[in-house]
Amino acid sequence: MHPTLGQIQADKGTVMQRLSRTTTLLTVAAVSVATLTGLTALPAAAQPDSTVPAQELNNATLSIPPLAGEPQCPSGQVKFTNGRATAGELVELVLGKPVNTNLDGDAAGETAVLVTCAGVTSVGQIIAVERADAGIVALGRVVGPRADVRDVTGVKAAKDGGVVATVADHAPLDGDSAQPQTQGRTFIWKAGRYVQSAGPKHFPLRDDSTDIGLVTGGVVTKVVGGVVSGSLTAVVSNVGPRASTGQMIVLDVKGWKITSDDVTCQNPDVGTQVCRREEPLEPGESARLRFAMRAEAGSKPAATGTARVKLIEGMTVDTNLDNDMSPIRTRAA
Ligand SMILES: [Ca+2]
Ligand SMILES: [Ca+2]
91 MHPTLGQIQA DKGTVMQRLS RTTTLLTVAA VSVATLTGLT ALPAAAQPDS TVPAQELNNA
151 TLSIPPLAGE PQCPSGQVKF TNGRATAGEL VELVLGKPVN TNLDGDAAGE TAVLVTCAGV
211 TSVGQIIAVE RADAGIVALG RVVGPRADVR DVTGVKAAKD GGVVATVADH APLDGDSAQP
271 QTQGRTFIWK AGRYVQSAGP KHFPLRDDST DIGLVTGGVV TKVVGGVVSG SLTAVVSNVG
331 PRASTGQMIV LDVKGWKITS DDVTCQNPDV GTQVCRREEP LEPGESARLR FAMRAEAGSK
391 PAATGTARVK LIEGMTVDTN LDNDMSPIRT RAA
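Numbering (my numbering), first residue to last: 91 to 423.
Listed below in structure tokens is the structure:
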């Protein structure tokens with residue numbers, strides 16, 4: 091990725107990489123390439139292959155980008171052993187088979203690998219690395235879950251450089267009835283970021299998909315007997331085009347105890363509150379929900395937070411994540 095080698099050396103690096111993925115065979119390969127191309131063989135140390143073999147990758151410390159909405163998945167500098175990194179009893183990161191390819195304009199090879207966070211849910215992303223003298227260099231996330239992609243489940247080298255990622259519109263839970271649609275989309279490194287260079291850009295509309303959204307109102311708080319309280323209104327809407335099933339509302343505003351008469355909230359303690367609304371919403375229909383917020387005397391509750399709506403998993407799929415989140419903002423009367 092970093093243009094430190096000359097073009098000829100870099101070209102050789104790519105040929106070498108095609109000839110062999112193992113460090114042991116590289117010296118032999120270098121001689122063969124030099125012989126075939128008539129180039130002068132340089133000392134092996136001067137022309138390192140910048141791809142990273144599976145054995146080395148599987149036991150390395152890698153820089154793992156965080157997965158949005160999956161705080162239980164380890165991120166940052168993560169040490170892998172035999173391709174796995176465990177976080178608690180229920181969550182682990184699992185490396186797939188690494189793919190050697192040329193992600194960018196420089197001819198040296200890079201390595202891409204699928205990193206799956208497996209637990210109650212299973213969500214994948216593709217990261218890229220290369221080897222430099224100092225060790226394995228992180229080249230960032232090639233593709234991960236985002237608005238139109240919920241999951242990444244595979245990676246292979248693209249014919250003309252880059253990688254073909256298998257992306258899915260749905261990350262299944264155990265016992266889930268909504269099967270993901272998958273597509274192959276090609277990504278390359280261009281002008282300082284990973285961009286899609288081939289393959290479909292959107293998923294076709296599913297039979298079981300719709301678009302649910304959430305809008306919150308401001309919270310005006312008052313203090314009575316040292317207790318701060320306020321009322322939060324959230325409107326959940328079904329933009330359509332199909333009927334939704336139940337919805338989950340996740341309220342994240344630290345230091346507040348949140349209750350509701352309109353929905354069933356499972357967490358009585360102060361912190362993230364998860365509430366379920368089981369009633370379906372027809373296209374165009376919305377539901378106004380009220381939540382009571384309360385903070386104990388002397389506590390320091392957060393002034394702001396977020397509210398998010400999700401469809402109860404496994405029944406229908408929300409095709410648009412951009413309208414799922416709304417801020418919680420409190421202010422004193
Ligand atoms: Ca390259
Ligand atoms: Ca939505």
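Here a beta-carbon is modelled for each residue, glycine too, at the ideal position from N, C-alpha and C.
Item	Value
Cβ contact check for the stretch 358-372 and the stretch 310-323: 3 or more pairs under 8 Å	no
Presumed contact (8 Å Cβ cut-off) between Ile-418 and Leu-379, rounded CB distance	Not quite, the Cβ-Cβ distance comes to about 13 Å (not below 8 Å), so this is no contact.
Pocket of ligand 2 (residues with CB nearer than 6 Å to any heavy atom), chain order	Asp-301, Ile-302, Gly-303, Asp-408, Asn-410, Leu-411, Asn-413 and Asp-414
Opposing strand residues paired with Trp-279 [DSSP bridges]	Tyr-284
As assigned by DSSP and simplified to three states, the class of Ala-422	strand
Bounding residues of the alpha helix (DSSP H) (the contiguous stretch that carries Ala-247)	Segment 241-247 is the beta strand (DSSP E) holding Ala-247; no alpha helix (DSSP H) there.
Closest Cα partner of Ala-202 within the set Gly-225, Val-232 and Glu-182	Val-232
Distance cut-off 6 Å: Ala-228 Cβ against heavy atoms of ligand 1	no
Proximity winner among Pro-290, Thr-211 and Asn-328, relative to Thr-272 (alpha-carbon distances)	Pro-290
Nearest-angstrom Cα separation, counted from Leu-204 out to Val-121	Because Val-121 carries a pLDDT of 38, less than 50, the predicted location of this residue cannot be relied on, and no value is offered for it.
Continuous beta strand (DSSP E) stretch holding Glu-200: start and end	200-208
Stretch-stretch touch, CB-based, cutoff 8 Å, three pairs: the stretch 240-253 with the stretch 187-200	yes
8 Å CB neighbourhood of Gly-345 in its chain, flanking five on each side removed	Val-360, Ala-385, Ser-389, Lys-390, Pro-391 and Ala-392
Alpha-carbon to alpha-carbon, Asp-139 and Val-123	Its pLDDT being 38, under 50, Val-123 is placed unreliably in this model, and the value from its coordinates should be taken loosely. So the two alpha carbons sit approximately 13 Å from each other.
Residue nearest to Ser-327 in terms of C-alpha spacing, selected from Asn-148, Leu-295 and Glu-375	Glu-375
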